[in-house]
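Residues are numbered in this note's numbering as their position in the sequence shown, beginning at 1, plus a constant of 210.
From the three backbone atoms N, C-alpha and C, an ideal C-beta is built for every residue, glycine too.
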Amino acid sequence: MPLLRLASLLLGLVLLAGCAGRLPPAAPLAPAEEPQARALLDRFLARTCPQALDADVTLAWQGYGNQRAVAATLQARQPGRLRLAVNDPLSRPLLLLVTDGRRFTLVDVTRKEANAGPLDSAFWRQYVPAAVHGRDLFAWLTGLLPAGRMEIRSVLRSTENSDYWFVLDYGDGILHRVRLDPERLLVREHLLLDAGDRMILDAVYTYGGPEDPCPLPATIRITGHDLKGAFSLAVDRVYTRKSVADTAFRVNLPPHFTIHRQ
Numbered sequence: 211m212p213l214l215r216l217a218s219l220l221l222g223l224v225l226l227a228g229c230a231g232r233l234p235p236a237a238p239l240a241p242a243e244e245p246q247a248r249a250l251l252d253r254f255l256a257r258t259c260p261q262a263l264d265a266d267v268t269l270a271w272q273g274y275g276n277q278r279a280v281a282a283t284l285q286a287r288q289p290g291r292l293r294l295a296v297n298d299p300l301s302r303p304l305l306l307l308v309t310d311g312r313r314f315t316l317v318d319v320t321r322k323e324a325n326a327g328p329l330d331s332a333f334w335r336q337y338v339p340a341a342v343h344g345r346d347l348f349a350w351l352t353g354l355l356p357a358g359r360m361e362i363r364s365v366l367r368s369t370e371n372s373d374y375w376f377v378l379d380y381g382d383g384i385l386h387r388v389r390l391d392p393e394r395l396l397v398r399e400h401l402l403l404d405a406g407d408r409m410i411l412d413a414v415y416t417y418g419g420p421e422d423p424c425p426l427p428a429t430i431r432i433t434g435h436d437l438k439g440a441f442s443l444a445v446d447r448v449y450t451r452k453s454v455a456d457t458a459f460r461v462n463l464p465p466h467f468t469i470h471r472q
């Protein structure tokens, strides 16, 4: 697989993959239980959580009988700033993706070339669906929910455990179906559905380590409709969740690099 093609697939790693699946089973709540469930969601949304992340991660892809895993460094800041650097086994840079939530730059270091453009470009949309907004990237990576006004369409109870399912409408034609753990107040799963209830994306979160009011997911596993395979991101080491400097999200390419404007 050409390196830039691998880079393009990996940039979608934390956002989409796989083939569409069935919706997880759930049942309607008793009318008396719904206010309690809505109060839990209000508590979740009212938390004050870290607005930045600097960590070592492992990105993995499995599909077509193949498996790939690469080490990377991830820096992110609310709402949509992201820097993902993929390294070789000797920690030399191979690929670099940077976005400010509006524009992106994807650099193939070995080929000395880069693709750059807005997040609504055809290049970006090959790998990241329009339903995933740039301003929401940090939320997807950290198990939070997108900011902004939304309507709770319905509340369900999982038939597999005690979690609640919330169907949320942010007014963009896409429904968010979110599974909230009522005990730890964590997002366990986050689905995106189109108007026909087709599953665009399914992100499953696992958590570990000590109790934390806003714990960082230990792993994120993503499947969806537009790519074949299963993708995951595992957090190996966290350096800080307090702040990441603006300079981390700037790219200064050497003059001999070729830039493809999208």
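On the CB-based measure, 16 or more other CB atoms within 10 Å of its CB, does D373 come out buried or exposed?
Translated into the one-based positions of the sequence shown, residue 373 becomes position 163. D373 should be labelled buried.
Quick check: P427 and A357, are their CB atoms within less than 8 Å of each other?
Numbered from 1 along the sequence shown, position 217 holds the residue referred to as residue 427. Numbered from 1 along the sequence shown, position 147 holds the residue referred to as residue 357. Cβ distance not < 8 Å, so P427 and A357 don't count as in contact.
Using DSSP bridges, identify the partner residues of N462.
What you label residue 462 is simply residue 252 of the sequence shown in a count that begins at 1. Per DSSP, none; premise fails for N462.
So, using beta-carbon positions, are A324 and I469 closer together than 8 Å?
Here residue 324 refers to the residue found at position 114 of the sequence shown. Here residue 469 refers to the residue found at position 259 of the sequence shown. Result yes, Cβ atoms of A324 and I469 sit closer than 8 Å.
Three Cβ pairs or more, each shorter than 8 Å: is that satisfied between the stretch 287-304 and the stretch 456-469?
Yes, the stretch 287-304 touches the stretch 456-469.
From the DSSP output, read off the bridge partner residues of S301.
Locating residue 301 in the sequence shown gives position 91, where the first residue counts as 1. For S301, which the question treats as bridged, DSSP gives no partner whatsoever.
For G419, does the count of other Cβ atoms within 10 angstroms reach 16, so buried, or fall short, so exposed?
The residue labelled residue 419 in the question sits at position 209 within the sequence shown. Classification for G419: exposed.
In terms of DSSP beta bridges, what is V338 paired with?
Along the sequence shown, one-based indexing puts residue 338 at 128. Bridge partners of V338: none, in fact.
Could you tell me the alpha carbon to alpha carbon distance between G353 and F376, rounded to whole angstroms?
Within the sequence shown, the letter at position 143 stands for residue 353. Within the sequence shown, the letter at position 166 stands for residue 376. Rounded to whole angstroms, G353 to F376 spans 15 Å at the Cα level.
In the stretch 249-285, which residue ranges form an unbroken beta strand (DSSP E) of at least 3 residues, counting only runs that do not cross its ends?
For the stretch 249-285, whole beta strand (DSSP E) runs of length 3 or above, ordered along the chain, are 262-273.
Label D298 either buried or exposed according to how many other C-beta atoms from any shown protein chain fall within 10 Å of its C-beta, with 16 as the threshold for buried.
Counted from its first residue, the sequence shown places residue 298 at position 88. Burial call: exposed.
From P238 to V365, what distance separates their C-alpha atoms?
Within the sequence shown, numbered from 1, the residue matching residue 238 stands at position 28. Within the sequence shown, numbered from 1, the residue matching residue 365 stands at position 155. The alpha-carbon atoms of P238 and V365 are separated by roughly 7 Å.
Can the beta-carbon of R447 be found closer than 8 Å to that of A265?
One-based indexing of the sequence shown puts residue 447 at position 237. One-based indexing of the sequence shown puts residue 265 at position 55. Contact flag set, yes.
Could you tell me the distance, in whole angstroms, from the CA atom of P464 to the CA atom of V445?
Residue 464 sits at position 254 when you count from the first residue of the sequence shown. Residue 445 sits at position 235 when you count from the first residue of the sequence shown. So the alpha carbons of these two residues sit roughly 30 Å apart.
Looking at L269: is its Cβ nearer than 8 Å to the Cβ of A279?
For the purposes of this step, residue 269 is taken as the residue at position 59 of the sequence shown. For the purposes of this step, residue 279 is taken as the residue at position 69 of the sequence shown. It is a contact, given that the beta carbons lie within the stated cut-off.
Which full runs of the beta strand (DSSP E) of 3+ residues lie inside the stretch 310-382, going along the chain?
Runs of the beta strand (DSSP E) inside the stretch 310-382: 313-318, 323-328, 361-368 and 374-379.
Among all the DSSP beta bridges, which residues are the ones paired with L239?
On the sequence shown, position 29 is the one that residue 239 refers to. According to DSSP, which records beta bridges pairwise, L239 is partnered with nothing at all.
Taking all protein chains shown into account, decide if S301 is buried (16 or more other Cβ within 10 angstroms of its Cβ) or exposed.
Looking up residue 301 in the sequence shown gives position 91. Looking at its Cβ environment, which holds fewer than 16 other Cβ atoms inside 10 Å, S301 is exposed.
Find out if the Cβ-Cβ distance for the pair I362, R253 is shorter than 8 Å.
Here residue 362 corresponds to residue number 152 of the sequence shown, with the count starting at 1. Here residue 253 corresponds to residue number 43 of the sequence shown, with the count starting at 1. Not a contact, by the Cβ cut-off of 8 Å.
Would DSSP call C229 helix, strand or coil?
For the purposes of this step, residue 229 is taken as residue 19 along the sequence shown, with counting starting at 1. Because the pLDDT of C229 is 47, which lies under 50, any placement of that residue in the model is unreliable, and the number read from its coordinates should be weighed accordingly. Coil.
Over the uninterrupted beta strand (DSSP E) stretch that includes G434, give me the two end residues.
For the purposes of this step, residue 434 is taken as the residue at position 224 of the sequence shown. It spans T429 to G434 - the beta strand (DSSP E) in which G434 sits, taken as one unbroken run.
P423 and L250 look like a contact to me (Cβ under 8 Å); what is the Cβ gap, rounded to whole Å?
For the purposes of this step, residue 423 is identified with residue 213 of the sequence shown, where counting begins at 1. For the purposes of this step, residue 250 is identified with residue 40 of the sequence shown, where counting begins at 1. Contact flag wrong, Cβ pair sits at about 14 Å.
Compute the Euclidean distance between the alpha carbons of T283 and A236, then round it to the nearest angstrom.
Residue numbering aside, residue 283 sits at position 73 when the sequence shown is read from its first letter. Residue numbering aside, residue 236 sits at position 26 when the sequence shown is read from its first letter. If you take the alpha carbons of T283 and A236, they lie about 37 Å apart.
Please state the DSSP three-state secondary structure of D456.
Numbered from 1 along the sequence shown, position 246 holds the residue referred to as residue 456. Looking at D456 - three-state DSSP - the assignment turns out to be helix.
From the DSSP output, read off the bridge partner residues of D407.
What you label residue 407 is simply residue 197 of the sequence shown in a count that begins at 1. According to DSSP, D407 bridges with nothing at all.
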